[in-house]
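**Student:**
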DNA sequence: GTGAAAGCGCTAACAC
DNA sequence: GTGTTAGCGCTTTCAC
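Protein chains in written order, with the numbering used here: chain A, 112 to 437; chain B, 112 to 437.
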């Protein structure tokens, strides 16, 4: 690998001048050309490691998400990447599995790699995030709240949960259950509170099922609901994958919406049928990503205003009404 | 941030000794303890940038995939990550969009970041891969062939294409079309050759449709096929997302397999119905990832044997036969 | 076994 | 506008 000294020697200038050319400082045109030619001839690529050691920062953004196999998060990642790319930053994707240990590890890595900033969908405790913020590294929370005074970009989960439930009520359903995610995850709690806001406190306790946030969780919960003595006539799932699981179970049981009402918070990924019968709350996944990236880039650029919270709107598409002809 | 000098001072030893303790060289037990205590008290985290600049390598693996929103590639990424994690390596995920320019850029970054190695699903030309291999950086190709003498882990695409097609023949279909990906992408070509092996050369030319590798590509191609004067009675799609698109169009047209036979190469992600009627070739996405990671880690560890090519098996699940009762 | 010192490739003062 | 020089934090000879 050619170094800056090789380029300097070939161009007949000092390494400092080469550095200046590369970083856009003022250099006389002819020397600049000399340097550029030499660099091209030697296929010179600046060593980012050395640059970073010296300048204590890099054009790297860490994005910590709980599940890379969930299309909601990959769409979000896409948003972050698009925005970062425009600004000349690269994105490092890290899978936390909602495991605070992994999350902490990646946060430490972000530090010891001198990354420019971190965007994360926080798993559980806030303590670990301090690993990053305490060292002055910009951190933006996305999709989930934290107790910390940092920038966040969110959806109003309670409103979303209520809207999904209300759509079912308006479609004529009366016994509406809720499949919620793990109680530990912020957001899922909020969404089921929204459901509660609409169904009221007299809904049976077992109409609220907690499950993991994946397809199998949705399956299990739906099976439980179907086995209930007073079976619900509709269900809200608080994320996309649990919605998939619930629909799978219904399909296997020969039940087709709107025979039983289904509202999904999130988009049904890659559905191979037209989900007209199903109410979907389309979460702005990609937009969450671009917004978070924009906020982070602002901070990296030196923005010092107090922490902001941006709440993005979700859009609802209504499913069929109860008992509608199919 | 505490440095190695701070730790050394606190422990009353030289920085060299601290480094030795951290890297497992032989140090007297008492000094080792002193160092460890000091490091803990100072919350010392080694600076990876400095370490890398000095030692010219890192515990970072770059994984270049064409589409982070395709579940096939995220499953593959999962495999890589699991294996890398075990070995103490971190994975940097990069989205190439099948764009050779982006691919080259990331390859350059892998170099200038002194990454330990690269795993990639190559987009188009081989020339760019040289950017990495020429500098002695280990590179493993996954899912797609290259013309270069490097490790690869693949599926036998021609065999897979033929198997999917043969399953449709055996299910009683006679006019089998093929929705193939972009001609430029290796693998897609192979899969359609496998289709050709089975349908023979007298299949109508317009039964082979090229489309982009995404859902909308599958939709377009399926629409074209349905509009054909001699409409096919079955279709093979050469990847998962195009399969989703094709099924969407069929569903909208009121056509349900096995009325028209469908074979998908890849898994139908998150299907909300039981896809019994559909033939699927289950590609070992995750296993491709773990295998590629294992090979790369071997190389990083100094393995110098000639380039290997590993071919993984795919498993086929048969759909319903033509005209089967539903 | 341990310390002193050089140096990885770059940037940023500081002189000129 | 340009060159000289120090130093980012670490690892690794080389002596002892």
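Heads up, the beta-carbon is just placed ideally off N, CA and C, and yes, glycines get one too.
Going by alpha carbons, who is nearest to residue 395/B out of 185/B, 296/B, 431/B?
**Tutor:** Mapped onto the second chain, residue 395/B falls at position 284. Answer by Cα proximity: 185/B.
**Student:** Can you list, in chain order, the residues of its chain whose CB lies under 7 Å from that of residue 274/A, leaving out five sequence neighbours each side?
**Tutor:** Mapped onto the first chain, residue 274/A falls at position 163. Around residue 274/A: 392, 427.
**Student:** Take the Cβ of residue 207/B as the centre, count every other Cβ of all protein chains shown within 10 Å, and call the residue buried at 16 or more, exposed below.
**Tutor:** Position 96 of the second chain, counting from 1, holds the residue named residue 207/B. It is buried - the Cβ of residue 207/B has at least 16 other Cβ atoms within 10 Å.
**Student:** Give, in chain order, every residue of the stretch 156 to 168 of chain B whose Cβ lies closer than 7 Å to some Cβ of chain A.
**Tutor:** Cβ contacts with chain A: 156, 157, 158, 159, 160, 161, 163, 164.
**Student:** Let me make sure I understand the geometry here. Which of 267/B, 307/B, 261/B, 251/B has the alpha-carbon closest to that of residue 276/B?
**Tutor:** Walking along the second chain from the start, residue 276/B turns up at place 165. Taking only the C-alpha atoms, the option nearest residue 276/B is 307/B.
**Student:** With 8 Å as the threshold, decide whether the Cβ of residue 374/A is near any Cβ in chain B.
**Tutor:** To locate residue 374/A, count along the first chain from 1; it is residue 263. No, residue 374/A lies away from the interface with chain B (no Cβ there is under 8 Å from its Cβ).
**Student:** Out of 339/A, 343/A, 361/A, point me to the one whose CA is closest to residue 329/A's CA.
**Tutor:** Counting from one through the first chain, the residue named residue 329/A turns up at place 218. For the residues 339/A, 343/A, 361/A, the minimum Cα distance to residue 329/A belongs to 361/A.
**Student:** List, in order along the chain, the chain A residues whose C-beta lies closer than 8 Å to that of residue 220/B?
**Tutor:** On the second chain, residue 220/B is found 109 positions in, with the first residue counted as 1. Those within 8 Å of residue 220/B in chain A are 159, 201.
**Student:** Can you tell me whether residue 402/B is buried or exposed? The criterion is at least 16 other CB atoms within 10 Å of its CB, across all chains shown.
**Tutor:** What you label residue 402/B is simply residue 291 of the second chain in a count that begins at 1. That one is buried.
**Student:** Rounded to the nearest angstrom, what separates residue 183/B and residue 350/A at their Cα positions?
**Tutor:** Start at 1 with the first residue of the second chain, and residue 183/B comes out as number 72. Start at 1 with the first residue of the first chain, and residue 350/A comes out as number 239. Cα to Cα, the separation comes out at about 21 Å.
**Student:** How would you write the range of the beta strand (DSSP E) that residue 321/B sits in, first residue to last?
**Tutor:** Taking the first residue of the second chain as 1, we reach residue 321/B at position 210. Taken as a continuous stretch (DSSP letters only), the beta strand (DSSP E) holding residue 321/B covers 319 to 321.
**Student:** Say whether the stretch 189 to 203 of chain A touches the stretch 130 to 140 of chain A, bearing in mind that this needs 3 or more beta-carbon pairs closer than 8 Å, one atom from each stretch.
**Tutor:** Cβ pair count under 8 Å is below three, so no.
**Student:** So which residues on chain A does residue 183/B lean against when the C-beta distance must stay under 9 Å?
**Tutor:** Within the second chain, the letter at position 72 stands for residue 183/B. Simply none; closest approach about 11 Å.
**Student:** Which same chain residues, not among the five before or five after residue 285/B, have their C-beta less than 7 Å away from its C-beta?
**Tutor:** Within the second chain, numbered from 1, the residue matching residue 285/B stands at position 174. Answer for residue 285/B: 344, listed in chain order.
**Student:** Using a Cβ cut-off of 8 Å (strictly closer), state whether residue 250/B contacts chain A.
**Tutor:** Position 139 of the second chain holds residue 250/B. Residue 250/B does not count as touching chain A.
**Student:** On the DSSP bridge list, what partners appear for residue 287/B?
**Tutor:** Against the second chain, residue 287/B aligns to sequence position 176. According to DSSP, residue 287/B bridges with 345/B.
**Student:** Please compile the residues from chain A whose C-beta is within a distance smaller than 8 Å of the C-beta of residue 326/B.
**Tutor:** Looking up residue 326/B in the second chain gives position 215. Going along chain A in sequence order, the residues near residue 326/B (Cβ under 8 Å) are 381.
**Student:** Determine the chain A residues that contact residue 310/B at a beta-carbon separation under 7 Å, and present them in chain order.
**Tutor:** The residue given as residue 310/B occupies position 199 in the second chain. By Cβ distance, chain A contributes nothing, its closest Cβ being about 24 Å from residue 310/B, past 7 Å.
**Student:** Whose C-beta lies closer than 6 Å to the C-beta of residue 122/A among residues of the same chain, with five residues either side of it excluded?
**Tutor:** Within the first chain, residue 122/A is the residue found at index 11, counting from 1. Counting only Cβ-Cβ distances below 6 Å, and skipping sequence neighbours, we find 145, 146, 149.
**Student:** Below 8 Å between beta carbons is the criterion; list the residues of the stretch 124 to 142 of chain A that meet it against any residue of chain B, in chain order.
**Tutor:** Per Cβ criterion, the list is empty.
**Student:** Is it right to say residue 234/B is buried, meaning 16 or more other beta carbons lie within 10 angstroms of its own, or is it exposed?
**Tutor:** For the purposes of this step, residue 234/B is taken as residue 123 along the second chain, with counting starting at 1. Per the 10 Å Cβ criterion, buried.
**Student:** If you measure from the beta carbon of residue 355/A to each beta carbon in chain B, is any gap under 8 Å?
**Tutor:** Counting from 1 along the first chain, the entry for residue 355/A is found at position 244. Output row for residue 355/A: interface = yes.
**Student:** Check the DSSP bridge columns for residue 141/A and list the partner residues they point to.
**Tutor:** Position 30 of the first chain holds residue 141/A. Beta-bridge pairing links residue 141/A to no other residue.
**Student:** Please tell me whether residue 418/B and residue 172/B are closer than 8 Å, where the distance is taken between their beta carbons.
**Tutor:** By 1-based counting over the second chain, the position of residue 418/B is 307. By 1-based counting over the second chain, the position of residue 172/B is 61. No, the pair does not count as a contact, with Cβ atoms beyond the cut-off.
**Student:** Starting from residue 359/A, follow the alpha helix (DSSP H) in both directions and report where the run begins and ends.
**Tutor:** On the first chain, position 248 is the one that residue 359/A refers to. Unbroken alpha helix (DSSP H) run through residue 359/A: 351 to 363.
**Student:** Of all the CB atoms in chain A, is at least one closer than 8 Å to the CB of residue 153/B?
**Tutor:** Along the second chain, read from residue 1 onward, the residue named residue 153/B stands at position 42. It does not; no Cβ of chain A falls within 8 Å.
**Student:** Would you say residue 320/A reaches chain B, if we count a Cβ-Cβ gap shorter than 8 Å as a contact?
**Tutor:** Reading the first chain from its first residue, position 209 is the one you call residue 320/A. No, because no Cβ of chain B sits closer than 8 Å to the Cβ of residue 320/A.
**Student:** Check whether the Cβ atoms of residue 316/B and residue 302/B lie closer than 8 Å to each other.
**Tutor:** For the purposes of this step, residue 316/B is taken as residue 205 along the second chain, with counting starting at 1. For the purposes of this step, residue 302/B is taken as residue 191 along the second chain, with counting starting at 1. No. Outside cutoff.
**Student:** What three-state label does DSSP hand residue 259/B in the structure shown?
**Tutor:** Taking the second chain and counting its residues from 1, one reaches residue 259/B at position 148. Reduced to three states, the DSSP call for residue 259/B is coil.
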